[in-house]
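The numbers in the working numbering rise by one with no breaks, and the one at position 192 of the sequence shown is 617. Notes for the one structure printed next.
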Amino acid sequence: MPVANTLELVRAAQAGGYAIPAVNIVDELSMRAVVEAAEEARSAIILQTSVKTVKASGAEPLSFLASHLADRSSVPVALHLDHCPDRAVITTAIEGGWSSVLFDASDRPLDAARAETAEVCAEAHAAGVTVESEIENIVGVEDGVGSDELTHSYSVPTLLEVAQETGTDLLAPQLGTAHGLYKADPVLRFDRVREIRALSDIPVVLHGGTGLSPADFGEFIAAGVGKINISTALKLAYMKACKAHLEEAERVGKWEPVKMFDQVKLALVTEIGAHIALFGSGGKI
Ligand SMILES: [Zn+2]
């Protein structure tokens, strides 16, 4: 099947009481592993690319590979651009076959964020592309984007007014989570998801999921989160599998890259399979 529509996947998840995993991939191997995990579990899946990954691998090869994998997959596969404050890269993704983009305007003052988000929505919607919007910053630096300080925070009514006025499809609010590994226990804002869902039917996206407990994920999904981003967990599984393989290669004196790729892929399929189980999206296709 062709690359899936992100908004349709997330709306189906919210209606069904589960969340779609959106996994930040870093290369072809991780893309293949994430799709394999989704097929094994019969779950729809969103492949996410950071701006850094787009710049490193090239938009055209990434889009080609996502489309190739989606065509051959027995489950829906969407392609999403994660945190992007750069309008030129947004346009590249919209024109390059991405299903959705996160326009990250959290570094702008509210008026500029509002005006530019409306422009991005008009540009994306004309191409059938879904827009996730972030005007409050989610703390933590991810692939060179973001800040460790809370710089912009608004009330839920303000977030919803801006979302409605701009045509935003998916909302990424501050929910007490952070990108990267937690240094202290986060204060999670399930109440904000409930407040948003009581006032609006806009789907809510959870960032900074790595390190949350199964109960935390369950409460966020019950409150109405429909898309959960996973980045750090994949990076950790990837690098730890490489390390384990390389230590063994050194011990036995055998250096075979393809064997390492197989080991990394297996670790990623297991890791993503565990998240699919936590988010309840398995067995829905
Ligand atoms: Zn994020």
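Ideal placement from N, C-alpha and C gives every residue a C-beta, glycine not left out. Small disclaimer: the values here were computed from a predicted structure and weren't measured.
DSSP on residue i, reduced to helix/strand/coil?
i	result
E574	coil
T516	helix
E681	coil
L596	strand
I655	strand
D536	helix
M664	helix
M426	coil
In chain order, what residues of the same chain lie with their CB nearer than 7 Å to the CB of residue i, ignoring the 5 residues before and after it?
i	result
V460	I470, L494, S498, V502
L454	F686, V689, K690
V500	A463, E464, R467, S468, A469, I470, I710
F615	E644, F645, A648
Q439	P628, G649, G651
Can you tell which of the options has the C-alpha that lies nearest to the C-alpha of residue i?
i	options	result
A543	E520, S525, Q589	Q589
R533	I519, L703, D687, S558	S558
I515	N562, D536, M426, V554	V554
P752	S572, R617, V556	The question about residue 752 has no answer, for the chain in this structure spans 426 to 710.
L434	M426, I445, P427, H604	I445
G522	G565, V500, L472	L472
L432	F615, C509, V556	V556
A577	D496, V479, L535	Residue 577 is actually His in this sequence, not Ala. It is L535.
R436	K668, G649, E675	G649
V629	L671, L595, G565	L595
I450	L487, I701, G442, A699	L487
E520	A549, G442, S580	A549
L600	A692, F528, H670, E561	E561
L703	G636, V526, K660	G636
P611	D496, D529, L527, V564	V564
G634	L490, D529, A692, I701	I701
P382	A692, L584, H670, A484	Residue coverage of the chain in this structure runs from 426 to 710, which leaves residue 382 outside it and unanswerable.
Starting from residue i, follow its DSSP beta bridges and name the residues at the other end.
i	result
S525	H505, T555
N449	Q473
N562	None, per the DSSP bridge assignment.
V650	V629
E567	V570
Within its chain, find whatever has a CB closer than 6 Å to the CB of residue i; leave out the 5 residues flanking it on each side and keep chain order.
i	result
T591	T542, A543, C546
F645	L631
G569	K477
A699	none
Considering only heavy atoms of ligand 3, does any lie closer than 6 Å to the CB of residue i?
i	result
N654	This structure does not include ligand 3; its bound ligands are ligand 1.
Spatial neighbours of residue i within its chain, please: CB distance less than 8 Å, with the 5 preceding and 5 following residues excluded, ordered by chain position.
i	result
S524	V428, A429, N430, T431, I471, A503, L504, H505, V554, T555
Please determine if the segment 636 to 655 and the segment 664 to 671 are in contact, where contact requires at least 3 C-beta pairs separated by less than 8 Å. Here the segment 636 to 655 does not lie against the segment 664 to 671, with fewer than 3 beta-carbon pairs under 8 Å apart.
Using a Cβ distance threshold of 8 Å, determine whether the segment 601 to 608 contacts the segment 652 to 662, with at least three qualifying pairs required. With the cut-off at 8 Å, the segment 601 to 608 and the segment 652 to 662 touch.
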